[in-house]
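There are 2 protein chains.
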Amino acid sequence: MSTAQGARARARIEVTAAIKDEARRQLAAEGAAKLSLRAVARELGMVSSALYRYFPSRDDLLTALIIDAYDSLGESAERAHEAVAQTAPQERWVAVCEAVRRWALGHPHEYALIYGSPVPGYTAPQTTVPPAARVGLLLIGIVRDAHGGPGGLAELPAVPEDLHAEADRIAADLAPDLPASAAAALVAAWAQLFGLVGFELFGQFNRVVEEREPFFRHAVRQLGRGVGLR
Amino acid sequence: MSTAQGARARARIEVTAAIKDEARRQLAAEGAAKLSLRAVARELGMVSSALYRYFPSRDDLLTALIIDAYDSLGESAERAHEAVAQTAPQERWVAVCEAVRRWALGHPHEYALIYGSPVPGYTAPQTTVPPAARVGLLLIGIVRDAHGGPGGLAELPAVPEDLHAEADRIAADLAPDLPASAAAALVAAWAQLFGLVGFELFGQFNRVVEEREPFFRHAVRQLGRGVGLR
DNA sequence: CACAATCGAGAGCACTGCTCTTGCTTTGGG
DNA sequence: CCCAAAGCAAGAGCAGTGCTCTCGATTGTG
Numbered sequence: 000m001s002t003a004q005g006a007r008a009r010a011r012i013e014v015t016a017a018i019k020d021e022a023r024r025q026l027a028a029e030g031a032a033k034l035s036l037r038a039v040a041r042e043l044g045m046v047s048s049a050l051y052r053y054f055p056s057r058d059d060l061l062t063a064l065i066i067d068a069y070d071s072l073g074e075s076a077e078r079a080h081e082a083v084a085q086t087a088p089q090e091r092w093v094a095v096c097e098a099v100r101r102w103a104l105g106h107p108h109e110y111a112l113i114y115g116s117p118v119p120g121y122t123a124p125q126t127t128v129p130p131a132a133r134v135g136l137l138l139i140g141i142v143r144d145a146h147g148g149p150g151g152l153a154e155l156p157a158v159p160e161d162l163h164a165e166a167d168r169i170a171a172d173l174a175p176d177l178p179a180s181a182a183a184a185l186v187a188a189w190a191q192l193f194g195l196v197g198f199e200l201f202g203q204f205n206r207v208v209e210e211r212e213p214f215f216r217h218a219v220r221q222l223g224r225g226v227g228l229r
Numbered sequence: 000m001s002t003a004q005g006a007r008a009r010a011r012i013e014v015t016a017a018i019k020d021e022a023r024r025q026l027a028a029e030g031a032a033k034l035s036l037r038a039v040a041r042e043l044g045m046v047s048s049a050l051y052r053y054f055p056s057r058d059d060l061l062t063a064l065i066i067d068a069y070d071s072l073g074e075s076a077e078r079a080h081e082a083v084a085q086t087a088p089q090e091r092w093v094a095v096c097e098a099v100r101r102w103a104l105g106h107p108h109e110y111a112l113i114y115g116s117p118v119p120g121y122t123a124p125q126t127t128v129p130p131a132a133r134v135g136l137l138l139i140g141i142v143r144d145a146h147g148g149p150g151g152l153a154e155l156p157a158v159p160e161d162l163h164a165e166a167d168r169i170a171a172d173l174a175p176d177l178p179a180s181a182a183a184a185l186v187a188a189w190a191q192l193f194g195l196v197g198f199e200l201f202g203q204f205n206r207v208v209e210e211r212e213p214f215f216r217h218a219v220r221q222l223g224r225g226v227g228l229r
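Just so you know, the protein sequences line up as chains A and B, in that order.
Note that numbering that gives the first Met the number 0 has the first sequence beginning at 0, numbered continuously upward.
Note that numbering that gives the first Met the number 0 has the second sequence beginning at 0, numbered continuously upward.
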């Protein structure tokens, strides 16, 4: 079903890939705002209108790049996790967080594309949801393992009255075996992780934090403690 | 030095303000990417080239809006803090965080402008630094009060070896009276706060967190605990 | 009063995303 | 095998963008 599709279909796949490659190159070089369909087409030796056969609009090209970026980040994180899969949950947690940071530093514009300001008028289609969830799922898995493993999770402060129902719902959706307090803390930690990464990447730490790597490691270790990892 | 400057100077100030107002209106309506000098000029009944007498480029207009946004956020946070200035540090901490969130929800595009992806090729001039620091200074002040107040700060885990020097430096820069561990935790919490706000605002919490307000309150209360507030 | 600085208007350049029409090539069914 | 249908690249064109430059008119100052 993948090959054996005739020269035309194969060419289409190749051209589509070439467009995305060139677009990614421009994205990395100049950022999403300066990504120009015409420039991509020019670089590929075609005329701009031809490009619309492959992507109906600039935003659709961006969507494709967004999905790829989520997948690239997810894969980096998963690979880093596999390398330490046999170690203690706390170490695996830190490893995944550090992989996220490394990927972000290595792909700043792609990171900005997926975790920065959303492009105006553009709402991500449902197809971006699964790739976007990969890092989150990884973190959930680590905490679940810790919960089921030796020692279990550390006791967390109870969630306040007005959050009981919501915390239960979050736990039921994400990890039914986890205590509601841990599930809620996990979601918060997930967001906070990207706060740390974003602040470093977008310059808010300039003249504030210099030794970013040990700072980050310590911060995410604390983050892990906050979700009950020992 | 402010008035008594002749009709010309006064007119200049007024026109400059009118441009910023209209630009802010377009920013709120459509986002930074769609902010067009020509559209602003059109709405003001002038021709686009005339606008360059007041702002040498589109990016300079954006810089002005960025500074205003930081100041608007800072003022909101400070006002919210004043209203609870007599209460316990933990409550003041939560109040400031909630003010940040409220401002962000009320000014999504301005928030995206200052805490989202930086515009490409654009590096914020030094003039943006003081307004950008206002929220951070507020949080520092709360923790310092708690440290000097009754009960002091809770004991925090020691920072690891490789972070000793950096944590000391951060403390020396930001709040010499605080323990290094608290200063480091404070900077991390500052970044994490904006991770929470950003994730809610930019849609990452869609279909994950529904009851955002109690969730946020609980998360920032935990954040406060993480810097030693009781 | 006269001179210089300041300002608005207009034309123009090089660019953008996107549409539509015109032909050429590949493909698959009769 | 052949031919209509579908896929494709190219080009012209539209409306919009940021920005520059020039040309009068207005204004403040020596």
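Quick reminder that beta carbons are idealized off the backbone N, C-alpha and C, glycines included.
- The beta carbon of B/P88 is closer than 6 Å to those of I141, D144, A145, L228 in its chain, skipping five residues each way along the sequence.
- Among the residues facing chain B, A/E209 is included, as its CB has a counterpart in that chain under 9 Å away.
- When Cβ-Cβ separations below 9 Å define contact, A/R37 makes no contact with chain B.
- Taken residue by residue, none of the segment 65-76 of chain B has a beta-carbon sitting less than 9 Å from a beta-carbon on chain A.
- Inclusion of A/A82 and A/E97 in the CB contact set at 9 Å is not warranted, their separation being larger than that value.
- Contact with chain A is found for B/A218, since one of that chain's Cβ atoms lies less than 9 Å from the residue's Cβ.
- Taking the C-beta atoms as reference points, A/Y69 is found nearer than 9 Å to A/I113.
- Residue A/T62 holds the alpha-carbon nearest to the alpha-carbon of A/P130 among A/A157, A/T62, A/E160, A/P149.
- Between the alpha carbons of B/A8 and B/A16 lies a gap of roughly 12 Å.
- Boundaries of the alpha helix (DSSP H) harbouring A/L137: 128-147, taken from the DSSP string.
- With distances taken between CA atoms, B/F214 lies nearest to B/E199 out of B/V226, B/G225, B/E199.
- Each residue's CA atom was taken as its position, placing B/H217 and B/G30 some 30 Å apart.
- Under the criterion of beta carbons closer than 8 Å, A/L185 and A/V226 qualify as touching, at roughly 5 Å.
- DSSP places B/H80 inside the alpha helix (DSSP H), whose first and last residues are 57-82.
- In this structure, B/A28 lies away from B/V39, with their beta-carbon atoms at least 9 Å apart.
- Residue contact with chain B for A/P213: present (Cβ-Cβ distance below 9 Å to some residue of chain B).
- Contact annotation: in the segment 42-53 of chain A, no residue has its CB less than 8 Å from a CB in chain B.
- Of the candidates A/A132, A/L173, A/E109, A/A49, A/E109 places its Cα closest to the Cα of A/A32.
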